[in-house]
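Numbering (my numbering), first residue to last: 24 to 199.
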């Protein structure tokens, strides 16, 4: 048997399993660990789905981060009554995972600074993306401002959890 072939097959299988696990982790953290803010407009849904999303992006890279975010949170929207949001979530959160992972992969320097910068980039994508989605869905330029505090809070909480852990996690899985 060709060892190159079996090694490639094992790598593809491992990648598939890791992606599936992070989709499931992101879906579960979004679905079961959340709180809706009672503030103006749509309010905001605070959840911990950004924790596995950022871990996937920082430990396994931009593709896994994008897949975990897009499919994990997109599935949440589909199965929890936020169906109109699903295609937007797929794009916005997929972009968050991709950009955060890209920055973490490509930018040299102090890892804490790099991860913080990656989180800030993901946060900007989330705020701008969901602001314009709410403008489209609600036809109002003011109401979407009510969701920004929740978006900021959920990404900041995720950063506080992920940034101190990611170096250790990378060592555990042999990525760092």
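Built from N, CA and C at the ideal position, the CB exists for glycine as well. Nothing here was measured: the structure is a model prediction, and the numbers come from that model.
Next item on the list: My understanding is that residue 45 touches residue 95, with C-beta atoms under 8 Å, so please give their C-beta distance in whole angstroms.
Entry: Indeed, because the Cβ distance is near 7 Å, the residues count as touching under 8 Å.
Notebook entry, point to check: Expressed to the nearest angstrom, what Euclidean distance is found between the alpha-carbon atoms of residue 91 and residue 40?
Noted result: Going by C-alpha positions, residue 91 is about 12 Å away from residue 40.
Check: Mind checking whether residue 81 and residue 127 have CB atoms under 8 Å apart?
Finding: Yes, the Cβ-Cβ distance between residue 81 and residue 127 is below 8 Å.
Check: Assuming residue 74 and residue 145 make a contact with CB atoms under 8 Å, what is their CB distance in whole Å?
Finding: Residue 74 to residue 145, Cβ: 12 Å. No contact.
Check: Does the distance from the CB of residue 76 to the CB of residue 116 come in under 8 Å?
Finding: The answer is yes: Cβ separation under 8 Å.
Notebook entry, point to check: Around the Cβ of residue 106, are there at least 16 other Cβ atoms within 10 angstroms (buried) or fewer (exposed)?
Noted result: With fewer than 16 Cβ atoms within 10 Å of its Cβ, residue 106 is classed as exposed.
Next item on the list: State the Cα-Cα distance for the pair residue 203 and residue 71, rounded to the nearest angstrom.
Entry: This structure cannot speak to residue 203, because the chain is shown only from 24 to 199.
Notebook entry, point to check: For residue 192, which residues of its own chain have a beta-carbon under 7 Å away from its beta-carbon, when the five flanking residues on both sides are left out?
Noted result: So the qualifying residues of the chain are 78, 82.
Note to self: Please return the same chain residues whose Cβ sits closer than 7 Å to the Cβ of residue 189, not counting the five positions on each side in sequence.
What the structure shows: Cβ neighbours of residue 189 beyond the five flanking positions: 78, 81, 82, 138.
Note to self: Threshold first: 4 residues or longer. Then list the alpha helix (DSSP H) segments lying entirely within the region 80-166, N to C.
What the structure shows: Listed in chain order, they are 85-102, 109-129, 134-161.
Notebook entry, point to check: In whole angstroms, what is the alpha-carbon distance linking residue 148 and residue 171?
Noted result: Going from the Cα of residue 148 to the Cα of residue 171 covers about 12 Å.
Notebook entry, point to check: How far does the alpha helix (DSSP H) with residue 58 in it reach, from first residue to last?
Noted result: No alpha helix (DSSP H) holds residue 58; the beta strand (DSSP E) holding it covers 57-59.
Item checked: For residue 167 and residue 89, the rounded distance between their alpha carbons -> Approximately 24 Å between the Cα atoms of the pair.
Notebook entry, point to check: Any idea which residues DSSP pairs residue 68 with across the strands?
Noted result: Per DSSP, 59.
Item checked: When 133, 160, 173, 152 are compared against residue 186, the one with the closest alpha-carbon -> Nearest option by C-alpha distance: 133.
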